[in-house]
Structure formats: structure tokens, C-alpha cells
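Student: I am attaching a structure below and will ask some questions about it afterwards.
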Ligand SMILES: NC(=O)c1ccc[n+]([C@@H]2O[C@H](COP(=O)([O-])OP(=O)(O)OC[C@H]3O[C@@H](n4cnc5c(N)ncnc54)[C@H](OP(=O)(O)O)[C@@H]3O)[C@@H](O)[C@H]2O)c1
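Residue numbers (our numbering): 172 to 435.
Rendered as C-alpha cells:
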């Protein structure tokens, strides 16, 4: 990242055409920790005013906002369970009331409730589908109301390589993340006539709270680059897909950030 001064990055200066005045605005769901935090910091450094959504980590979200402001960027946080329709509506209402525009939505919030299918509780299936898939539908529907009207916008969905390859013990998570691929492509086709792009980023194994307990030795053997990915490396891909005009002609695509784990 060359600069931490909002608006100074030529990739986003002036924001997307058709949007109202002020710095372009990006909403990142699940931005209090891990990959979401890195995305929030990266987009703020690229000139976006960033809305840091989180579920329960109020102090961590406040820390992300402070880190962005200390680096010269603009951000504020908003608590909302993005799997809950009413809370999603309140989140988007707050964004529009405060900013009057939304240029980029990053659907990053996600959870795992791993277990072998035979023993998987229906509640564990449902909670993963509710947040990782339905939550993206709810946020995308809310964002599309603004973006389609403005005739511009970028929606970036954080899926996973397990959407492409499956994973024993993650039937719920893989199904939700594979569902995101269908959602991404369908929304890309539906929104393209109004200049709104929809893409997905599929990380491999990235060091974060989510992957902390996994067996690293087995994982590393499956990664040609021989190491876990960094949250900042996922953020870099998101920043590219959000950049204007660099990624303006890319839609319905899946960008893998996986150290070569899945080569297609
Ligand atoms: N780490 C990996 O290796 C990896 C690989 C592929 C894909 N991904 C995907 O990347 C995304 C981020 O993963 P991560 O590893 O950074 O996860 P993480 O460290 O566990 O962070 C999860 C984030 O999501 C938020 N969140 C959880 N439930 C939420 C809800 N109901 N509403 C709003 N926000 C909620 C959390 O907020 P609180 O702090 O408030 O709980 C937190 O900010 C997820 O979609 C994940 O599936 C991760």
C-alpha cells in the first residue's frame, strides 16, 4: 500500500462514477478480526471510508477503527448479526444515514461449526448456512437497492477453496461457500446491466482465529507455496477487485488466494 491518506490512491480517487459526493464508502462485514480486519485496513488505506461491521467483539472493532484513524484513514463501526434480516436492515440504514452512499460491499463475515456429517447437529448445519450464505443474500439485497440505483458498485464475497474441492468435516461450511459461488455468478449476471460487479475471493488456509486449532503440518503439505496465507494477502485481492478502473471489467469471477492449493 503506497499511501494511507484517504483519496490519495489513484485506484479509487473520486470514487465510482454516479455516486454522491465525498470519499467512496466500503462496508466490510465481520471486520473486527482476521481477514475482515485486514480488508478494512487495506480499503481504508486505499481511500475508502470503511464501515467496520462485527457481531460481538465491540472492543476489537473499536481497535480496528482506531488503527485506521491513526494511519490517516476514516472508519466507524456498527454491530449487527448479518444473518438477521432486521439487523441487516438497520446496518444499511445506518450506512446510508451517515454516508449517503455505498460503493463497495465485502461479504466477509463467516463461521465454522465443523463435524462429520453423520454426527452433525441440525443446528450446526443451519447456523453456518444462515450466516455464511443467507447473510450474504441479505446484505447483497440491501446493497443492491443502493448500487443499482446509483448504477455502480462492487460486491465482493469471501468464499473458500473448500467451495471448489469440498472438505471432510465441513459439509455445512463447504455447502454454504459453494452456494456463494452460485450467488456470485447469478448476481453478477443480474446486476451487470446496471454497472454493478460481483466477484468472489476464495482464500486457502489463512492464519486467523478460524484456523488456529487446525493441524498445520498436514495443511502445509497440501500448499505448493509451503506456508499459510496472510490476511493481508486476501485483502490485497479484495482491494484489486474494488479498484476503479483496474477491476471495472471483471465480474462473476472467483479469485483464489491459496498458495497454489487448488489449480484449475
Ligand atoms: N481463515 C481462513 O483460512 C479462511 C479460509 C477461507 C475462507 N475464509 C473466510 O474468510 C472470512 C473471514 O474469516 P476469518 O478467518 O478472518 O474469521 P475470524 O477470524 O473467525 O473472524 C470472523 C469475523 O466474522 C465476524 N462475525 C461472526 N459472526 C458474525 C455475524 N453473525 N454477523 C457479523 N459478523 C460476524 C466476527 O465478529 P466478532 O469478532 O464480533 O465475533 C469476526 O469479525 C470468513 O467468511 C471465512 O469463512 C477464511
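All residues carry an ideal CB built from backbone N, CA and C; glycine is no exception.
Return the CA-CA distance between residue 425 and residue 355, expressed in angstroms with no decimal places.
Tutor: Cα-Cα distance, rounded: 9 Å.
Student: Ligand 1 heavy atoms versus the CB of residue 248: any closer than 7 Å?
Tutor: Not under cutoff, so the answer is no.
Student: Where does residue 250 fall in DSSP's three states?
Tutor: In this structure, residue 250 counts as strand in the three-state DSSP scheme.
Student: Please look up how many angstroms separate the CB atoms of residue 206 and residue 379, rounded, as I've assumed it's under 8 Å.
Tutor: That belief holds up - the Cβ atoms of residue 206 and residue 379 are roughly 6 Å apart, short of 8 Å.
Student: Identify every run of the beta strand (DSSP E) within the stretch 233-277, keeping only runs that are complete inside it and at least 3 residues long; order them along the chain.
Tutor: Here the runs fully enclosed are 245-250.
Student: For residue 423, I'd like the list of residues in its chain whose CB is within less than 6 Å of its CB, leaving aside the five on either flank, ordered along the chain.
Tutor: Correct list, in chain order: 356 and 359.
Student: Evaluate residue 200 with the Cβ neighbour count: other Cβ atoms within 10 Å of its Cβ, from every protein chain shown; 16 or more gives buried, anything less gives exposed.
Tutor: That one is buried.
Student: Counting C-beta neighbours from all protein chains within 10 Å, is the total for residue 318 16 or more, i.e. buried, or is it exposed?
Tutor: Its Cβ being crowded by 16 or more others within 10 Å, residue 318 is buried.
Student: So, using beta-carbon positions, are residue 269 and residue 402 closer together than 8 Å?
Tutor: Against a cut-off of 8 Å, the Cβ pair of residue 402 and residue 269 comes out as no contact.
Student: Within this structure, are the beta carbons of residue 323 and residue 367 separated by less than 8 Å?
Tutor: A contact, by the Cβ cut-off of 8 Å.
Student: Look up residue 324 in the DSSP assignment and give the residues it is bridged to.
Tutor: In the DSSP output, where bridge partners are listed per residue, residue 324 has 367.
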